[in-house]
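Once you know that position 389 of the sequence shown is 388 in numbering that gives the first Met the number 0, the rest is easy, because the numbers rise by one and skip nothing.
Ideal Cβ placement from N, Cα and C applies to all residues, glycine included.
Here's the structure, in structure tokens; my notes come after.
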Amino acid sequence: MRIEIPRELERFGANLFYGVQKVYELDSGLKPDEPADHPCTVKQLSYEQLYEIEKDMVIVIPTKGEKLRLLQGVLYGIPHQCLIIVVSNSPRQPVDRFSIEKDAIERFCTFTRKSVLVIHQEDPALAKALENAGYPELLDERGTVKSGKGEGMLLATLLARLTGKKFIGFIDADNYFPGAVLEYIRIYSAGFALRTSDYALVRISWQSKPKVMGSGLYFAKYGRASVITNRFMNSLVGYTTGFETEVIRTGNAGEHALTLDLAMLMEYASGYAVEPYHLIYLMETFGGLNHSLQQDIIQKHIEIFQIESRNPHLHEQKGDEHVEDMIFAALQVIYHSPVTPKVLKKEILEELRSRGSLKKDQEPPKMSFYPPLGKVNLKTFRHELSGHPCAAFFQPVPAENPLVREHDGKRSRKKTGVKAHRL
Ligand code: GDD
Ligand code: MG
């Protein structure tokens, strides 16, 4: 891939928001170019370099009752070297749609000589493991994992952590173009190849979203929800720094990827608020406005890449009400953020009232967030799932190193520099 370096950089505490970067070549060759004798504004990332990153990447496909053809198409687009997790919340009655999905994925695995980790969000074994490992927040009153895209993503992130991979990327199951899926994953790898920190987030900014208009196609630049979310997020950055900005172009980025170190550190919102809240959470926690910053993070920074895809994004149309719900969810998290100034809160209320989403004098209800996954006892979680099919995907735990001793229930290291294993 050949990709421009970011033209813009907005600092927000320890967060580095890079402006949108464009792709100049989807494939720029196998090996690195000869070094240039002048500074370059376009970076070549060789296939080999991206391949090495993809070997360390888990791709998660959240799905709920999508057309089988679309889910299959997404699988076809994922490079062989990535590990795939499908987290399904598809109905099991009256027709067991999940079983049908599993059959199709098994056939895909036979033809591609690949193993895919497929789970159902409501699998009681996963819920029990979560509860015993100290993360009951994700469970509902029935004791199963709550419904919602964000909830499925959280569950998959924990499983991904146990595979020992470094990166996690998300791709919606309702994408019509397998070629676009491949491009998104190459873009994730490109972002990670450019990162200088262990904490990085890569978000896709679509070049266009085609719509049928009359007898032709119209390639809209932004989705209806993104226009609104981006506007208010940019105002938040602008009001805080004192300089108006348009740096945020991916307020709702369903297609995004994170280093697993960052994914374990974040708090999460539920449902479709999950992606807007990524950015808000980073501003709240690492923006230096409310919390004192952790030394490690100040030194390493959090890098937020926004990279524009060349393929158009074509997915299932789910109706106006769904778009309004997404706008509401995004504005709700911005409204209730402690870093949002009063003037912006007022603007949000006006927007929601004018859209008919709130009545006069009404405020958006407060929402609750999921604590960082870092609080999960991974040892227990792994142990609880030892008999479950997903255990086959977990990284084996190395045999206990005799140089690492237990003291007072905590691990300590002898001065030999041997690291205690995280899991
Ligand atoms: N596991 C799981 N559980 N998956 C779900 C659930 C659930 O409860 N609900 C929805 N999904 C899956 C869908 O099947 C789809 O694959 C993906 O999550 C996204 O859902 P859509 O309903 O297609 O959302 P959208 O297209 O309107 O919005 C997408 O793009 C936005 C803008 O980039 C989503 O990815 C949003 O989160 C994103 O903000
Ligand atoms: Mg969709």
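List the residues that DSSP assigns as beta-bridge partners of Glu383.
-> Its beta-bridge partners do not exist; DSSP assigns none.
C-alpha gap between Leu82 and Ile58, whole angstroms | 6 Å
CB of Pro61 to nearest heavy atom of the ligand GDD: below 7 Å?
-> yes
Would you mind sorting Thr415 into buried or exposed? The rule is 16 or more other CB atoms within 10 Å of its CB.
-> Bear in mind that a pLDDT of 36 at Thr415, under 50, signals an unreliable position, so the number given afterwards is only what the model happens to contain. Label assigned to Thr415: exposed.
Apart from the five residues just before and just after Arg202, which ones in its own chain have a Cβ nearer than 6 Å to its Cβ?
-> Thr249, Ala252, His255 and Gln305
Can you pull every residue whose C-beta falls closer than 6 Å to some heavy atom of the ligand MG, listed in chain order?
-> Asp171, Asp173, His314 and Glu315
Limits of the beta strand (DSSP E) - the one that Ala219 falls within | Gly215 to Ala219
Looking at Glu9 and Val246, is the spacing between their C-beta atoms short of 8 Å?
-> yes
Check whether the Cβ atoms of Leu67 and Ala103 lie closer than 8 Å to each other.
-> yes
How many angstroms separate the CA atom of Glu307 from the CA atom of Gly386?
-> 42 Å
Please state if the CB of Tyr267 and the CB of Tyr369 are separated by a distance shorter than 8 Å.
-> yes
Out of curiosity, what's the CA-to-CA distance linking Ser214 and Asn88?
-> 36 Å
Excluding sequence positions up to five away, which residues of its chain have a Cβ less than 6 Å from the Cβ of Ala224?
-> Asn251, Val322, Met325 and Ile326
Is the stretch 308 to 316 close to the stretch 329 to 336, with three or more CB pairs under 8 Å?
-> no
Would Thr240 be called buried (16 or more neighbouring beta carbons within 10 Å of its own) or exposed?
-> exposed
Which full runs of the alpha helix (DSSP H) of 4+ residues lie inside the stretch 250 to 313, going along the chain?
-> 259 to 262, 273 to 285 and 294 to 299
For Ser269, which residues from the same chain have a beta carbon less than 6 Å from its beta carbon, with the 5 sequence-adjacent residues on both sides left out?
-> Gly147 and Gly149
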